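Since the structure comes first, as structure tokens, the remarks are kept for the end.
Protein chains in written order, with the numbering used here: chain U, 602 to 769; chain D, 694 to 871.
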């Protein structure tokens, strides 16, 4: 004669068994602080600049002069404490962008001007940047960034103001 | 041997202890929702994690400018770090103190010692068939006078590739100051 299942057995089948989460919790407690310490919250970037090449002798023959004529016009961006000045090689005028308020440069207008310059001088990919000694490093890098974001990838850092004033 | 015992009267009114029946289970704290949150957090962190040490080591106590563009170090380039604070200059990964900005501009000894360090570093990098690159990490409030001087100075030590360290941002409005 067969007997039915015992009461204990029936009970254990009906009982709702929860998984043991303690090992998972232990793992999380170790992993999450570890990841938080490793995690990069601030992403650093690098901005490359080039130094002006030493000027070559102008009397090297007619071929180089012809090449110079075809090459795009040089654009110079001068940074002053109260304004930006953009000068295009061969152009008489200088575009001045005055500061919005003391110590607050007008980067929006600079951005617009750079976009227009890119349209006008499509082949040009280099901008000469000439900062005044008193200009903040932040202003310099923002200006370089605006030039680069407007498809002028090469930034030539000019170290002498005399050349600029002579040209002006 | 006498045993110390404490008798507890469990037969007191409703405010007292209730006698737990033998088969009654202890109530566990439901941590399922906590596990859910932790799982999401874990996945998010694993996705965003970067093991690149160069991306992490922002100099302490220095406010770097923010830019949206970023350049990569040239191929076969090896970077030498220079940290320019408002009050001091630190050289290399070991943060060797060089002096103050004023010392760098005015004192010949400071310039000479820094030039020697840079030249030595440049020579050792070139000996490994790599190109020396200078990574300038400067505080955003520093006047460009010092930066220009430093660039002129590093050119003397055969560092033709110069990089500025910045904080990367995807938001152009932040750079434009809107």
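Note that the Cβ used here is the ideal one computed from N, Cα and C, for glycine as well.
Since the structure is predicted, the reported quantities are computational estimates derived from the model, not experimental observations.
Counting contacts by CB-CB distance shorter than 9 Å, is residue i in contact with chain D?
i	result
residue 683/U	no
residue 624/U	no
residue 750/U	yes
residue 651/U	yes
residue 679/U	no
residue 718/U	no
residue 727/U	no
residue 698/U	no
residue 687/U	no
Could you round the C-beta distance between residue i and residue j to whole angstroms and report it? I think they count as a contact, below 8 Å.
i	j	result
residue 815/D	residue 850/D	5 Å
residue 869/D	residue 712/U	6 Å
residue 726/U	residue 753/U	6 Å
residue 689/U	residue 698/U	That belief does not hold up - the Cβ atoms of residue 689/U and residue 698/U are roughly 14 Å apart, past 8 Å.
residue 652/U	residue 848/D	6 Å
residue 822/D	residue 769/D	7 Å
residue 752/D	residue 812/D	24 Å between Cβ atoms; not a contact.
residue 857/D	residue 650/U	7 Å
residue 779/D	residue 844/D	No, residue 779/D and residue 844/D are not in contact; Cβ-Cβ is about 18 Å, not under 8 Å.
residue 724/D	residue 628/U	The pair is not a contact, with the Cβ atoms about 13 Å apart (cut-off 8 Å).
residue 786/D	residue 828/D	Wrong, their Cβ atoms sit about 10 Å apart, outside the cutoff.
Determine the burial state of residue i: buried for a count of at least 16 other Cβ atoms within 10 Å of its Cβ, exposed for fewer.
i	result
residue 729/U	buried
residue 807/D	buried
residue 638/U	exposed
residue 775/D	buried
residue 701/U	exposed
residue 802/D	exposed
residue 735/U	exposed
residue 737/U	buried
residue 715/U	buried
residue 708/U	buried
residue 825/D	buried
residue 790/D	exposed
residue 749/U	buried
residue 751/U	buried
residue 724/U	exposed
residue 687/U	buried
residue 703/U	exposed
residue 761/U	exposed
residue 595/U	The question about residue 595/U has no answer, for chain U in this structure spans 602 to 769.
Return no unless some Cβ of chain U is closer than 9 Å to the Cβ of residue i.
i	result
residue 758/D	yes
residue 870/D	yes
residue 782/D	no
residue 769/D	no
residue 763/D	yes
residue 803/D	no
residue 791/D	no
residue 832/D	yes
residue 854/D	yes
residue 850/D	no
residue 816/D	no
residue 786/D	no
residue 808/D	no
residue 728/D	yes
residue 738/D	yes
residue 828/D	yes
residue 836/D	yes
residue 751/D	yes
residue 766/D	yes
residue 776/D	no
residue 864/D	no
residue 731/D	yes
residue 822/D	no
residue 811/D	no
residue 794/D	no
The ligand ATP and residue i: does any heavy atom of the ligand fall closer than 8 Å to the residue's C-beta?
i	result
residue 681/U	Ligands are entirely absent from the displayed structure, and the ligand ATP is therefore not among its contents.
Just grab the DSSP bridge partners of residue i for me.
i	result
residue 790/D	783/D
residue 825/D	771/D
residue 808/D	In the DSSP output, where bridge partners are listed per residue, residue 808/D has none listed.
residue 688/U	677/U, 695/U
residue 630/U	DSSP lists no partner for residue 630/U.
residue 618/U	DSSP lists no partner for residue 618/U.
residue 731/U	679/U
residue 836/D	737/U
residue 856/D	649/U, 828/D
residue 770/U	There is simply no residue 770/U to check, as chain U begins at 602 and stops at 769 in what is shown.
residue 861/D	760/D
residue 776/D	783/D, 830/D
residue 705/U	702/U
List the residues of chain C that residue i touches, going by C-beta distances under 9 Å, in chain order.
i	result
residue 859/D	The structure shown contains no chain C; its protein chains are U and D.
Inset, instruction - Evaluate the contact criterion for the stretch 727-744 of chain U versus the stretch 835-846 of chain D: three or more CB pairs, one atom per stretch, below 8 Å. - result: As far as the Cβ criterion goes, the stretch 727-744 of chain U touches the stretch 835-846 of chain D, which means the pair count is three or higher.
Inset, instruction - Could you say if the stretch 728-741 of chain D and the stretch 621-637 of chain U meet the contact criterion of at least three C-beta pairs nearer than 8 Å? - result: In this structure the stretch 728-741 of chain D touches the stretch 621-637 of chain U; the number of beta carbon pairs closer than 8 Å is three or more.
Inset, instruction - Assess, as a yes-or-no matter, whether the stretch 857-864 of chain D is touched by the stretch 759-775 of chain D under the definition of 3 or more beta carbon pairs within less than 8 Å. - result: As far as the Cβ criterion goes, the stretch 759-775 of chain D touches the stretch 857-864 of chain D, which means the pair count is three or higher.
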